[in-house]
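Notes follow the structure.
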Ligand code: SF4
Ligand code: SF4
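Chains as they are written, first to last, in this note's numbering: chain A, 1 to 244; chain B, 1001 to 1361.
What follows is the structure, encoded as structure tokens:
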């Protein structure tokens, strides 16, 4: 798709059949049976305590099927506030799970490109760059080399010591950092990593990374974060997100 | 008449939450976070099962991340997550095992979500089978039993107590140590019937504390999330969400002056350890202990009472919060000089400081 065409599509956001697309996800059936608007989920929700966030209203909006309101949710910061603790699932008298409804909304927000309309949504690009890249490169969500003390000051002096003496410390506690065979932090063999890549290719994981990347590029261009050829400069965009 | 103890009360109220935990022959599934931050905990878990309890547990080098952190931060689609989980089950099947022992709480919640989806929506199971076959040529069986590592330690808590040279008792005063627990949200909040004691009155960690001589102390925010929040910790700009949730827990447990915090989730363990340091740096406040409250996981505590070496075996030097005050109370024998040494016992320099605040003495 050319950039112009893509920008045009971004404008309309391919917002057709939102309700059907939400319902096609089995998790909506699991997460939303019949919400009675009681607000118990909001009472227990740590995100509601921290942000202007109300899982009750999310459940009610999705249940209403109101196309405009759902489209507005997809473009909002709101759906990105949930911390996925699933405390709401435990307490809901109807056995709903607003946290799971959130997963379905977030998926659709990314597929339609709506996520780049909100500051919190745009952060998805940073997660693909960190956790997403770790999964494909190492076969782990997290790897010690990716936990750079300068960007993780909260990790404290002991982590800095571990990081600076990585191989010695891991070996001293009996881990197998980057080694062959079993053990903690062993190197994931090329054959196993290839299987992981194939899974991501066949089941839509890679496609989602690319979709997030694609819409993020469009946003970078819209913001004028481009190189001399007018292409998106994703390093500049990353810096923009980090300071947004 | 004496009040029935917590265990008896729990048995009466929560008998429906006595989940089934396999007895032997486990296929081990490691945790990304645990391997990064507390790899010794996984090592001693395997050792306790194999060497102390005589169980068979297989540590397969071929399994990878389950991608659960990616799934809950919404960059990994459910379809991919299901297929990643299916590959772990395929490795289990290939090795002839039927029981999974899961190290990570995010994985444990995720595996349960996938198994429940497959039960309710058989077409999802079919699609996953197709995806896995197409991607890797693999097939798989569904495990007969899926237990978290803490379930297994809980199941054998009395056998561990019988072998343990140490008790969770202050050797000076003879009083039981006061221990607060923190249960990872995804252990039982999604599927309460999959956790020992359900989600409201979880027994899995308090059962260990009591079996090993300590006193399990309830506190108002016992059920509150540690604040990981997936995308909230992963994105630096959002980390205030994480730290404020942990702060709420520390404020809530502080009046009870706990000797330690016991956890079952690799992520929670790391956060409750690191955020004490960060809060002390930001607010100058230390929530307990000499210079912070030690935070140990179920594997680490089991290994400690069983007499494993705190540094070489358990790797407790990788915690920011000092564990020495706890070791001293229990009377664990250890060599302080070995804390910051390498493989051959040589000194390899040490952190600028440990605990919450740099010492001024
Ligand atoms: S607790 Fe359940 S029924 Fe009540 S508002 Fe929340 S989702 Fe709806
Ligand atoms: S999963 Fe999300 S909506 Fe539910 S309680 Fe946790 S933060 Fe709130």
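Every residue gets a Cβ at the ideal spot worked out from N, C-alpha and C, and that includes glycine.
Check whether the Cβ of residue i lies closer than 7 Å to any heavy atom of ligand 2, and answer yes or no.
i, result
"residue 1216 of chain B", "no"
"residue 31 of chain A", "no"
"residue 1244 of chain B", "no"
"residue 254 of chain A", "Residue numbering for chain A in the displayed model covers 1 to 244; residue 254 of chain A lies beyond these limits and cannot be assessed."
"residue 86 of chain A", "yes"
"residue 83 of chain A", "yes"
"residue 43 of chain A", "no"
"residue 48 of chain A", "yes"
What separation, rounded to the nearest whole angstrom, lies between the Cα atoms of residue i and residue j?
i, j, result
"residue 237 of chain A", "residue 28 of chain A", "33 Å"
"residue 1121 of chain B", "residue 26 of chain A", "8 Å"
"residue 1054 of chain B", "residue 117 of chain A", "57 Å"
"residue 1086 of chain B", "residue 125 of chain A", "27 Å"
"residue 1343 of chain B", "residue 1040 of chain B", "13 Å"
"residue 1196 of chain B", "residue 1170 of chain B", "28 Å"
"residue 234 of chain A", "residue 122 of chain A", "13 Å"
"residue 1319 of chain B", "residue 70 of chain A", "45 Å"
"residue 205 of chain A", "residue 1065 of chain B", "14 Å"
"residue 90 of chain A", "residue 34 of chain A", "16 Å"
"residue 1277 of chain B", "residue 1233 of chain B", "16 Å"
"residue 1125 of chain B", "residue 1173 of chain B", "57 Å"
"residue 1205 of chain B", "residue 1183 of chain B", "8 Å"
"residue 1043 of chain B", "residue 1060 of chain B", "13 Å"
"residue 1222 of chain B", "residue 1215 of chain B", "15 Å"
"residue 60 of chain A", "residue 36 of chain A", "8 Å"
"residue 1243 of chain B", "residue 102 of chain A", "22 Å"
"residue 184 of chain A", "residue 138 of chain A", "13 Å"
"residue 1110 of chain B", "residue 32 of chain A", "18 Å"
"residue 87 of chain A", "residue 1203 of chain B", "18 Å"
"residue 128 of chain A", "residue 1080 of chain B", "15 Å"
Put residue i into one of helix, strand or coil per three-state DSSP.
i, result
"residue 1221 of chain B", "coil"
"residue 141 of chain A", "coil"
"residue 1181 of chain B", "strand"
"residue 1296 of chain B", "strand"
"residue 1108 of chain B", "helix"
"residue 1263 of chain B", "strand"
"residue 1286 of chain B", "coil"
"residue 1215 of chain B", "strand"
"residue 223 of chain A", "coil"
"residue 1161 of chain B", "helix"
"residue 1027 of chain B", "strand"
"residue 943 of chain B", "Residue 943 of chain B is absent from the model: chain B starts at 1001 and stops at 1361."
"residue 1313 of chain B", "coil"
"residue 1099 of chain B", "strand"
"residue 1142 of chain B", "coil"
Answer with buried or exposed for residue i, where buried requires no fewer than 16 other C-beta atoms within 10 angstroms of its C-beta.
i, result
"residue 239 of chain A", "exposed"
"residue 1249 of chain B", "buried"
"residue 1306 of chain B", "buried"
"residue 1358 of chain B", "exposed"
"residue 119 of chain A", "exposed"
"residue 223 of chain A", "exposed"
"residue 1149 of chain B", "buried"
"residue 1030 of chain B", "buried"
"residue 64 of chain A", "exposed"
"residue 242 of chain A", "exposed"
"residue 209 of chain A", "buried"
"residue 110 of chain A", "buried"
"residue 1151 of chain B", "buried"
"residue 67 of chain A", "exposed"
"residue 1282 of chain B", "exposed"
"residue 1155 of chain B", "buried"
"residue 1231 of chain B", "buried"
At a threshold of 7 Å, does residue i count as lining ligand 1 (C-beta to nearest heavy atom)?
i, result
"residue 56 of chain A", "yes"
"residue 93 of chain A", "yes"
"residue 59 of chain A", "yes"
"residue 102 of chain A", "no"
"residue 40 of chain A", "yes"
"residue 35 of chain A", "yes"
Given a limit of 7 Å on CB to CB distance, which residues of the stretch 1033-1059 of chain B reach chain A? Residues are counted here when their Cβ sits less than 7 Å from a Cβ of chain A; for the stretch 1033-1059 of chain B these are 1033, 1035, 1036, 1039, 1040, 1042, 1043, 1059, given in chain order.
Going along the stretch 1180-1193 of chain B in order, which residues come within less than 9 Å of chain A, judged by CB to CB distance? For the stretch 1180-1193 of chain B, which is checked against every Cβ of chain A, the residues closer than 9 Å are 1185, 1186, 1188, 1189, 1190, 1191, 1192.
Near-chain B residues of the stretch 85-100 of chain A (beta-carbon distance less than 8 Å), N- to C-terminal order: Cβ proximity to chain B below 8 Å picks out 85, 86, 87, 89, 90, 97 from the stretch 85-100 of chain A.
In the stretch 1074-1097 of chain B, which residues sit with their C-beta less than 8 Å from some C-beta in chain A, listed in chain order? From the stretch 1074-1097 of chain B, only 1074, 1075, 1076, 1077, 1078, 1079, 1080, 1082, 1083, 1084, 1087 have a Cβ closer than 8 Å to chain A.
Check each residue of the stretch 139-152 of chain A: if its Cβ is closer than 8 Å to any Cβ of chain B, include it; give the result in chain order. Within the stretch 139-152 of chain A, the residues whose Cβ lies closer than 8 Å to any Cβ of chain B are, in chain order, 139, 140, 141, 142, 143, 144, 147, 151.
What residues from the stretch 119-135 of chain A come within 7 Å of chain B, judged by C-beta to C-beta, listed N to C? Listed by position, the residues of the stretch 119-135 of chain A near chain B (Cβ gap below 7 Å) are 123, 124, 126, 127, 128, 130, 131, 132, 135.
Return the residues of the stretch 1276-1308 of chain B that lie within a Cβ-Cβ distance of less than 7 Å from chain A, sorted by chain order. Per Cβ criterion, the list reads 1277, 1278.
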